[in-house]
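The structure appears right after this line, and notes come after that.
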Ligand code: S3P
């Protein structure tokens, strides 16, 4: 039985294991990264942008509200087809109140690039408890090198932040981390800046901004060998039709669920398989998961496929180095897969997980160990002993969407009853998660 119960303060997800097998064909909500970018570029382009398949989660809603507060017209987010009437790159208006990015790091970091480059306009930006504790210096510092004026808490490291927009100057920024949020922030600031702005990163991070900026009319040079992107400033963007593929980060929960739950076979339709995001497929296949890609195609500049997964015996593996940015958001659910694999899985070079919506290394180790897992936290990763039998237990999402959903998949394969407190966090990126979970298990419920 699977039940989402509303308590006085939050939602508890209760999963009682009934030896489920997962069967069926599902589609998943739109890609979160692409949804944010479509709303932002639509807002600053000239003319109309039509977004099909927008993720109607809390995070894109935060982006939409911020840009509406600065004058962009965005149709109601009650259908996956949304129309944005752009106001031009220089048209963003000073908002009457503080911009609230909610729980969304992508909203805050990408938006800061645009705000910093709006001459003589004042903006104040904040977020929820989690976002206000996350590091913003990674974008504030390069923006300051470009001439930005930004003040914030803890010597400009944390939100709330105040921005006084300036005419910026182009720089070549060598980012110490492979982060698409940092890269995109600087590229968006560069869009408004005379001349060229270049970002070089140590490994390739997701490239949705580059693809979409080009589709909207920006001029970019990309050097794949050095992981460098250069944007030409002061080019005009024009509204486009954006078709958002399903989010591979959301598909990942079902890929792992299908692989570890006995007698399962499921198909996830219309999943984005941009190579900068497919680390999860490579990692699971390396572990012996039976995953096939069908009906490969390209939709509005992004590669897409249907993914079929069947249960299989998994084996441990080591995940480190350049693949990490390509599966950064999938490490919590990979940790669940590793509990069911034969041998010891090592995840390294993933210290970035400590500054996500929660400290995902600490939280996954703590919560899965409550279920009887054998996970040791490393400074930059996890060591996970496999072939354990998980037992149902009471756990917390720490209000982190990916933690809530990863623990739910663990609960599906644990003996007895699992309770996940503050499970409503899933709606940040996957508002229909529980509905799909119920659907996939319904024939045995
Ligand atoms: C994102 C980039 C990644 C990822 C986040 C979304 C984006 O963050 O974890 O969920 O849309 O650019 P970092 O840039 O901090 O790695």
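Residue numbers (our numbering): 585 to 1029. We treat Cβ as the ideally placed atom computed from N, Cα and C, and that holds for glycine. No experiment lies behind these values; they were computed from the predicted model shown.
Closest to residue i by C-alpha separation, out of the options, would be which residue?
i            : options                : result
residue 911  : 594, 980, 834 and 639  : 834
residue 969  : 689, 898 and 665       : 898
residue 748  : 621, 736 and 613       : 736
residue 982  : 713, 708 and 626       : 713
residue 980  : 993, 994 and 1005      : 1005
residue 751  : 813, 870, 668 and 728  : 728
residue 907  : 862, 923, 950 and 924  : 862
residue 704  : 675, 1026, 667 and 896 : 675
residue 987  : 1019, 973, 882 and 916 : 916
residue 1021 : 626, 677, 882 and 993  : 993
residue 721  : 689, 702, 706 and 701  : 689
residue 941  : 686, 730 and 698       : 686
residue 797  : 819, 919, 666 and 1018 : 819
residue 808  : 823, 783 and 923       : 783
residue 873  : 886, 885, 896 and 891  : 896
residue 921  : 589, 976 and 870       : 870
residue 691  : 900, 778, 622 and 1026 : 622
residue 679  : 1026, 651 and 923      : 651
residue 887  : 904, 945, 913 and 859  : 859
residue 866  : 850, 909, 586 and 927  : 909
residue 925  : 843, 635, 943 and 624  : 843
With respect to the beta strand (DSSP E) encompassing residue i, which residues constitute its N-terminal and C-terminal limits?
i            : result
residue 692  : Element bounds for residue 692: not the beta strand (DSSP E) but the alpha helix (DSSP H), 689-700.
residue 744  : 742-748
residue 979  : 978-980
residue 889  : 886-894
residue 782  : 780-784
residue 647  : Segment 642-653 is the alpha helix (DSSP H) holding residue 647; no beta strand (DSSP E) there.
residue 1023 : Taken as a continuous stretch (DSSP letters only), residue 1023 belongs to no beta strand (DSSP E), being part of the alpha helix (DSSP H) at 1017-1025.
residue 585  : Segment: none, residue 585 is in no beta strand (DSSP E) and carries neither H nor E.
residue 597  : 595-600
residue 608  : 607-611
residue 966  : 965-969
residue 880  : 874-883
residue 733  : 733-736
residue 723  : Premise fails: residue 723 lies in the alpha helix (DSSP H), 721-729, not in any beta strand (DSSP E).
residue 933  : First-last for residue 933: undefined, no H or E at that position.
Along the alpha helix (DSSP H) that carries residue i, what are the first and last residues, could you check?
i            : result
residue 794  : 792-799
residue 837  : 832-844
residue 951  : 944-954
residue 714  : 713-716
residue 659  : It is not in any alpha helix (DSSP H) - residue 659 carries neither H nor E in the DSSP assignment.
residue 1059 : Residue 1059 lies beyond the residue range present for the chain, which begins at 585 and ends at 1029; the question has no answer from this structure.
residue 987  : 985-996
residue 1007 : From DSSP, residue 1007 is part of no alpha helix (DSSP H); its letter is neither H nor E.
residue 812  : That residue, residue 812, is in no alpha helix (DSSP H); its beta strand (DSSP E) goes 812-816.
residue 708  : Unbroken run through residue 708 is the beta strand (DSSP E), 706-710; no alpha helix (DSSP H).
residue 1000 : Counting along the chain, residue 1000 falls outside any alpha helix (DSSP H), and DSSP gives it neither H nor E.
residue 767  : 764-775
residue 863  : 863-870
residue 917  : 915-923
How about residue i and residue j: are their beta carbons less than 7 angstroms apart?
i            : j           : result
residue 839  : residue 893 : yes
residue 1034 : residue 827 : With the chain running from 585 to 1029 in the structure shown, residue 1034 is simply not present.
residue 733  : residue 708 : no
residue 637  : residue 668 : no
residue 972  : residue 957 : yes
residue 991  : residue 951 : yes
residue 889  : residue 864 : no
residue 811  : residue 785 : yes
residue 671  : residue 697 : no
residue 845  : residue 997 : yes
residue 768  : residue 661 : no
residue 606  : residue 759 : no
residue 658  : residue 726 : no
residue 966  : residue 919 : yes
residue 885  : residue 799 : yes
residue 935  : residue 913 : no
residue 781  : residue 801 : no
residue 1009 : residue 984 : yes
residue 954  : residue 976 : no
residue 1003 : residue 604 : no
- Message: If contact is defined by three or more beta carbon pairs under 8 angstroms, each pair taking one atom from either stretch, is the region 635-649 in contact with the region 608-624?
- Response: Touching, per the Cβ criterion.
- Query: Does the region 930-949 touch the region 871-882, meaning 3 or more C-beta pairs lie closer than 8 angstroms?
  - Reply: no
- Would you call the region 847-855 and the region 594-614 in contact, with 3 or more CB pairs under 8 angstroms? yes
- Message: With a threshold of 8 angstroms, are at least 3 pairs of Cβ atoms found where one atom belongs to the region 742-760 and the other to the region 711-726?
- Response: yes
- Message: Taking contact to mean 3 or more Cβ pairs, one atom from each stretch, closer than 8 angstroms, check whether the region 783-795 and the region 756-773 are in contact.
- Response: yes
- Query: Pairing CB atoms from the region 774-783 with CB atoms from the region 812-822, are three or more of them under 8 angstroms?
  - Reply: yes
- Message: So, does the region 1002-1018 touch the region 823-837, judging by three or more C-beta pairs under 8 angstroms?
- Response: yes
- Item | Touching by the beta-carbon criterion (3+ pairs, under 8 angstroms), the region 627-634 and the region 591-605 | no
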